Each structure stands twice: as structure tokens, then as C-alpha cells.
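Residue numbers (my numbering): 79 to 230.
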């Protein structure tokens, strides 16, 4: 497969109160961002368990973004502080596992920053496109689903 044929799969976990509203503002303002971004709305960025991110990589995501409220502006007061701490630990785990650190993005986007959301997602997809397909945590049950031969 040539790198020009590669369309990265991106999963973006967005908090309901700020980042998802920022994505909605980008859409209603007709700002363009790549269609490869699949948004999952969560109540708060702190609800994103690092295992969700690892599972997304395992199931074929080439990049995962976590977007939340700016520190100090969280609807739940301190949720994004927990997120920042967890994602720092996750970056260390990704390094240990041999997954490029740039495949995971943590970004603070408020509800009024539709343009920032669109630019962030566009830049992230371009960076993932440069890194290429993520095969490090490929789920072999999915990859080899049709290749299993039964022994007689």
C-alpha cells in the first residue's frame, strides 16, 4: 500500500461541555476538518480511561485525540487535571510499548473555539498521515479473521 492511499482512522474523545460544543461550532460555522475523525462524546475528559485509548489503537485507530475544557474551566471543577495526569502516564506507557507518542493528542478546546478544533484535527490527521498506519497493537483476531484454517 502506498502512503498516498493511506487514510488514517482517528478517534477523538470530546467532553460534552467544551470540546464537543467546539466541534459542533466548527460544523455549524462550516469549518472544514478531516472526515477521518470519529468523535465520541464523553461527559468529561476525565472519564476517558487510558484503556479506552489502548483499545482504540488495538481496534485499528491510527491516532487518538482527547479534547477537554481548559484547565480551570472544567464543568466538574477538576476533571481536566485528572486527565492531564493520566495522559502523562499514558505517554510513558506508549513509549514503553513502542507506539509513537505523537499518535496520542491531548488538547484543550473550549465551546467558543470551533476554529481551533478544526485546525487541531486537521494538523493531527496530517501528523498521523506522516507517521503511517499503526500496526503495533493490531488485534490479530480482527486482522486474521478470514485467514483461519481448520486442521483436520
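Yeah, the Cβ is synthetic: ideal placement off N, Cα and C, and Gly gets one too.
All values derive from a computational prediction rather than experimental measurement.
Based on Cα-Cα distance, which residue from the options lies nearest to residue i?
i           : options            : result
residue 101 : 185, 215, 207, 134 : 185
residue 144 : 86, 193, 131       : 131
residue 120 : 161, 209, 179, 177 : 161
residue 89  : 148, 199, 213      : 199
residue 213 : 135, 83, 110, 97   : 135
residue 188 : 97, 124, 83        : 97
residue 211 : 172, 168, 138      : 138
residue 124 : 204, 205, 142, 155 : 155
Taking its Cβ as the centre, do 16 or more other Cβ atoms sit within 10 Å of residue i, making it buried, or is it exposed?
i           : result
residue 113 : exposed
residue 170 : exposed
residue 107 : exposed
residue 116 : exposed
residue 167 : exposed
Apart from the five residues just before and just after residue i, which ones in its own chain have a Cβ nearer than 8 Å to its Cβ?
i           : result
residue 165 : 128, 144, 182, 184
residue 85  : 114
residue 149 : 158, 159, 162, 186
residue 172 : 178, 179, 181, 182
By DSSP's criteria, residue i is part of a beta bridge. Which residues make up the other side?
i           : result
residue 118 : 91
residue 145 : 92, 185
Counting contacts by CB-CB distance shorter than 9 Å, is residue i in contact with chain B?
i           : result
residue 186 : This model lacks chain B altogether, as it is built from one protein chain only.
Considering only their Cβ atoms, is the gap separating residue j from residue i smaller than 9 Å?
i           : j           : result
residue 87  : residue 140 : yes
residue 215 : residue 180 : no
residue 122 : residue 157 : yes
residue 62  : residue 196 : Lying before the first or after the last residue shown, residue 62 is absent from the chain, which here runs from 79 to 230.
residue 109 : residue 193 : yes
Grab me the residues of residue i's own chain with a C-beta within less than 7 Å of its C-beta, minus the 5 sequence neighbours each way, in chain order.
i           : result
residue 207 : 84, 86
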